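Under the UniProt record's numbering, the first residue of the sequence shown carries the number 1, and numbering increases by one thereafter.
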Amino acid sequence: MRKIDWRRGWRSGLETTWELTKVILPVTLVVSVLKYTPVIEWLVEGLTPLMGWFGLPGEAAVPLALGNLLNLYAAIGAILTMDLTVKQVLILAVMLSFSHNLLVETALCRRVGLNPFLVASVRIGLALISALLIHILWSGGGERASFGWVGAAEDVPEGWGEIILLALKTALTGALQLALVVIPLMIGIQVLKDIQVLDRFAGWMKPLMRPLGLDPRGAVTMAGGLLFGLAMGAGVIIQQAREQQFSRREMTLIILFLAACHAVVEDTLLFVPLGVNIFALLLIRLGAAIFLTVTVAWLWPKDRGASVSVRGDHA
Numbered sequence: 001m002r003k004i005d006w007r008r009g010w011r012s013g014l015e016t017t018w019e020l021t022k023v024i025l026p027v028t029l030v031v032s033v034l035k036y037t038p039v040i041e042w043l044v045e046g047l048t049p050l051m052g053w054f055g056l057p058g059e060a061a062v063p064l065a066l067g068n069l070l071n072l073y074a075a076i077g078a079i080l081t082m083d084l085t086v087k088q089v090l091i092l093a094v095m096l097s098f099s100h101n102l103l104v105e106t107a108l109c110r111r112v113g114l115n116p117f118l119v120a121s122v123r124i125g126l127a128l129i130s131a132l133l134i135h136i137l138w139s140g141g142g143e144r145a146s147f148g149w150v151g152a153a154e155d156v157p158e159g160w161g162e163i164i165l166l167a168l169k170t171a172l173t174g175a176l177q178l179a180l181v182v183i184p185l186m187i188g189i190q191v192l193k194d195i196q197v198l199d200r201f202a203g204w205m206k207p208l209m210r211p212l213g214l215d216p217r218g219a220v221t222m223a224g225g226l227l228f229g230l231a232m233g234a235g236v237i238i239q240q241a242r243e244q245q246f247s248r249r250e251m252t253l254i255i256l257f258l259a260a261c262h263a264v265v266e267d268t269l270l271f272v273p274l275g276v277n278i279f280a281l282l283l284i285r286l287g288a289a290i291f292l293t294v295t296v297a298w299l300w301p302k303d304r305g306a307s308v309s310v311r312g313d314h315a
């Protein structure tokens with residue numbers, strides 16, 4: 001039996017947690033403070049005229065803003081307080097599946113050397129196009145949506161002191177939750193590497209990777225993003241980008257696929273309390289990811305240029 005390097009797994013987990021925390025902590029802190037200022041209200045007012053284009057009421061801008069600036073949990077909590085139709089809930093679910101937690105996840109994509117504007121634009125574009133198509137093509141879903149549970153009301157802090165304390169609590173809790181996921185994840189990845197499971201997994205993924213225009217070396221990266229998402233799976237993505245030395249084309253194709261379809265278990269199941277057809281939601285995301293990746297791979301000929309540079313690496 002092959003020896004497992006537990007120390008290396010712990011070290012990789014701690015280093016990755018620190019890298020991600022440097023991005024997530026300040027973003028969460030700032031946005032948590034902005035929640036209690038007029039900034040979010042101004043943003044919602046600016047988006048309200050656009051909601052009608054997608055068959056949504058003006059108040060739908062609230063969960064969209066919260067989901068893109070914070071996370072899906074905040075967005076779903078807002079949706080649970082609204083009076084919406086089944087169709088409107090599906091449109092919101094699809095939009096938020098494509099475009100959420102933009103500040104953190106886009107910053108993490110930047111760490112693997114990709115243009116953050118490109119990643120954010122693709123995700124927002126997919127959200128808008130899919131919402132418009134559902135609004136135009138689906139005539140059903142007009143009945144009132146019924147939710148399985150209602151989110152607990154959040155106490156509104158009084159004064160800047162309480163706001164800052166609550167923001168710090170939110171940011172630190174998020175960092176702790178991240179560590180509780182990333183450290184075991186990186187240890188598990190090290191175990192799988194030491195017993196060579198990942199090598200075999202790459203072989204199993206090979207028939208699925210090539211039709212997408214992806215090199216089989218990206219199988220582990222794809223698995224990390226699909227299962228754990230761009231934020232939680234960033235440790236795997238960053239580590240693999242360093243080890244595999246992906247070209248810019250390879251890394252771009254992988255990230256574009258994952259931008260459309262990531263965290264397929266968690267992100268999909270989160271919408272169960274809203275009564276969303278999760279199979280339809282998953283098929284829409286997967287179909288968009290495949291179409292986008294195959295199209296870009298066909299338009300972008302293979303290259304053998306320099307590999308992408310992972311930020312934080314030393315020359």
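Each residue gets a CB set at the ideal place from its N, CA and C atoms; glycine is no exception. All values reported here derive from a predicted model rather than from experimental measurement.
Where DSSP assigns a beta bridge to residue i, which residues make up the other side?
i           : result
residue 144 : 85
Are the beta-carbon atoms belonging to residue i and residue j less than 7 Å from one another?
i           : j           : result
residue 216 : residue 222 : no
residue 65  : residue 51  : no
residue 94  : residue 141 : no
residue 257 : residue 293 : yes
residue 123 : residue 116 : no
residue 254 : residue 213 : no
residue 75  : residue 96  : yes
residue 187 : residue 9   : yes
With DSSP as the reference, label residue i as helix, strand or coil.
i           : result
residue 263 : coil
residue 18  : helix
residue 37  : coil
residue 59  : helix
residue 228 : helix
residue 97  : helix
residue 5   : coil
Using the Cα positions of residue i and residue j, report the straight-line distance between them to the nearest angstrom.
i           : j           : result
residue 128 : residue 38  : 25 Å
residue 338 : residue 241 : There is no way to answer for residue 338, as the model of the chain reaches only from 1 to 315.
residue 269 : residue 286 : 15 Å
residue 281 : residue 90  : 8 Å
residue 157 : residue 55  : 34 Å
residue 5   : residue 136 : 55 Å
residue 17  : residue 7   : 15 Å
residue 151 : residue 35  : Unreliable placement is indicated for residue 151, whose pLDDT of 42 sits below 50; the coordinate value is still reported in the next sentence. Near 18 Å, if we compare the C-alpha coordinates of residue 35 and residue 151.
residue 252 : residue 291 : 15 Å
residue 162 : residue 30  : 14 Å
residue 166 : residue 139 : 43 Å
Can you list, in chain order, the residues of its chain whose CB lies under 7 Å from that of residue i, leaving out five sequence neighbours each side?
i           : result
residue 237 : 112, 221, 224, 225
residue 82  : 59
Give me, in chain order, the residues of the same chain whose beta-carbon lies closer than 8 Å to that of residue i; leave out the 5 immediate sequence neighbours on both sides.
i           : result
residue 319 : A question about residue 319 goes unanswered here, because the residues of the chain that appear run from 1 up to 315.
residue 278 : 268, 269, 271, 272
Kindly list the residues whose CB is nearer than 6 Å to the CB of residue i, restricted to its own chain and excluding five residues on each side of it in sequence; keep chain order.
i           : result
residue 261 : 285, 286, 289
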